[in-house]
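Enquirer: Provided herewith is a single structure, encoded as structure tokens, for subsequent inquiry.
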Amino acid sequence: MRLCIAHSCLLLATTAFASATPPVADKSNHTLFNPTPESLMREMSTDRPDATESPYTVDAGHYQVESDLLARSRDHDKADGADTVTTAWLFSTLNFKFGLTNRIDLQTVVEPYTKIETDDRTAPSKDKISGFGDITSRLKINLWGNDAGDTAAALMPFVKWPTASNGLGNDKIEGGLIFPVAFTLSSGWSLGVMTEIDFVRNAADDGYTTDWVNTATVSHDIAGALGGYLELTSTLTKGRDLATFNCGLTYGLNNHTQLDLGTNIGLTDATEDLVLFLGLSVRY
141 MRLCIAHSCL LLATTAFASA TPPVADKSNH TLFNPTPESL MREMSTDRPD
191 ATESPYTVDA GHYQVESDLL ARSRDHDKAD GADTVTTAWL FSTLNFKFGL
241 TNRIDLQTVV EPYTKIETDD RTAPSKDKIS GFGDITSRLK INLWGNDAGD
291 TAAALMPFVK WPTASNGLGN DKIEGGLIFP VAFTLSSGWS LGVMTEIDFV
341 RNAADDGYTT DWVNTATVSH DIAGALGGYL ELTSTLTKGR DLATFNCGLT
391 YGLNNHTQLD LGTNIGLTDA TEDLVLFLGL SVRY
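Numbering (my numbering), first residue to last: 141 to 424.
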């Protein structure tokens, strides 16, 4: 399944490049200090709630806030005789997005408060840690399809800064590059695929290694402003392979506000068993 997702990402990206179409209106003169008029703004697009990033940027001179209002994850580790339950709560994780130009937006992801509870039933012992998380800086550069066409793609370099409270992070700078591609299909369906390379600190803490992430998601309107999505994700990393099946709902309150909720279900032993979340995105 993991190789299938990766192959699909590369094949679809190649097809999309060949069929790219130019935008219908010239908005290149709009910047952070010369905002795009509301009449020319594209339809609101978010990088949540699925794991597949959107290739569409925030219009120049506008900003967007995307938030996990509340997220809870649970994992029961039984490998090699272990019996450990880890529960994590994330409160108000925020992604601040600013439209710098018609094709580029700047993003800052902040984790204001995280609480992790670990219950080792073999010891037995319980441990709790909480506090501020890491900050991630991201730049989204749309390559084509921002305002027109049946396909769109972007490049998203990012850097994670080690700002987390003691025990919540690895105190190392990490980063990577994301390549998302979107397709408008027939009968109201949309398809998104993404491939990502992460440069992360290795387990021995004496250097860096790479993780390879691939995702594929399909979405469709259900009724009115209510939509839904289904998604598969895969992460190839040294020592463990991660995979999830994700699904969720979105609801547009208006052209600039969206609610969402969903769940991520782990498909391998090394993956968190279950993640539940509720989110909100607002554009200004």
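All C-beta atoms in this analysis are idealised placements derived from N, C-alpha and C, irrespective of residue type, glycine included. Being a predicted model, the structure only gives us computed values, none of them experimental.
(1) By how many angstroms is the C-alpha of residue 269 removed from the C-alpha of residue 307?
(2) Output yes or no for whether 8 Å exceeds the beta carbon distance between residue 201 and residue 180.
(3) Figure out for me which residue from 356, 380, 198 and 324 has the closest Cα to the Cα of residue 343.
(4) Flag residue 260 as yes when its Cβ comes closer than 7 Å to any non-hydrogen atom of the ligand ATP, and as no otherwise.
(5) Pick helix, strand or coil for residue 308, following the three-state DSSP scheme.
(6) Taking its Cβ as the centre, do 16 or more other Cβ atoms sit within 10 Å of residue 242, making it buried, or is it exposed?
(7) Use the C-beta contact count for residue 369: other C-beta atoms within 10 angstroms, 16 or more gives buried, fewer gives exposed.
(8) May I ask you to report which of helix, strand or coil DSSP gives residue 326?
(9) Would you say residue 214 and residue 229 are within 8 Å of each other, going by their C-beta atoms?
(10) Restricting to Cα atoms, I'd like to know which of 346, 375, 389 and 384 is closest to residue 367.
(11) Suppose you measure from the CA of residue 186 to the CA of residue 266; what does that come to, to the nearest Å?
(12) Out of 376, 271, 331 and 338, which has the shortest C-alpha to C-alpha gap to residue 192?
(13) Within 10 angstroms of its Cβ, does residue 183 collect 16 or more other Cβ (buried), or is it exposed?
(14) Grab me the residues of residue 413's own chain with a C-beta within less than 7 Å of its C-beta, minus the 5 sequence neighbours each way, in chain order.
Expert: Reading off the structure:
(1) 7 Å
(2) For residue 201 and residue 180, no; Cβs fall outside 8 Å.
(3) For residue 343, the closest alpha carbon among the candidates 356, 380, 198 and 324 is that of 380.
(4) For the structure depicted, the ligand ATP is absent and the ligand set is empty, with no information on it obtainable.
(5) coil
(6) buried
(7) buried
(8) helix
(9) The answer is no: Cβ separation not under 8 Å.
(10) 389
(11) 38 Å
(12) Of the candidates 376, 271, 331 and 338, the residue whose Cα lies closest to the Cα of residue 192 is 331.
(13) exposed
(14) 214, 215, 216 and 406
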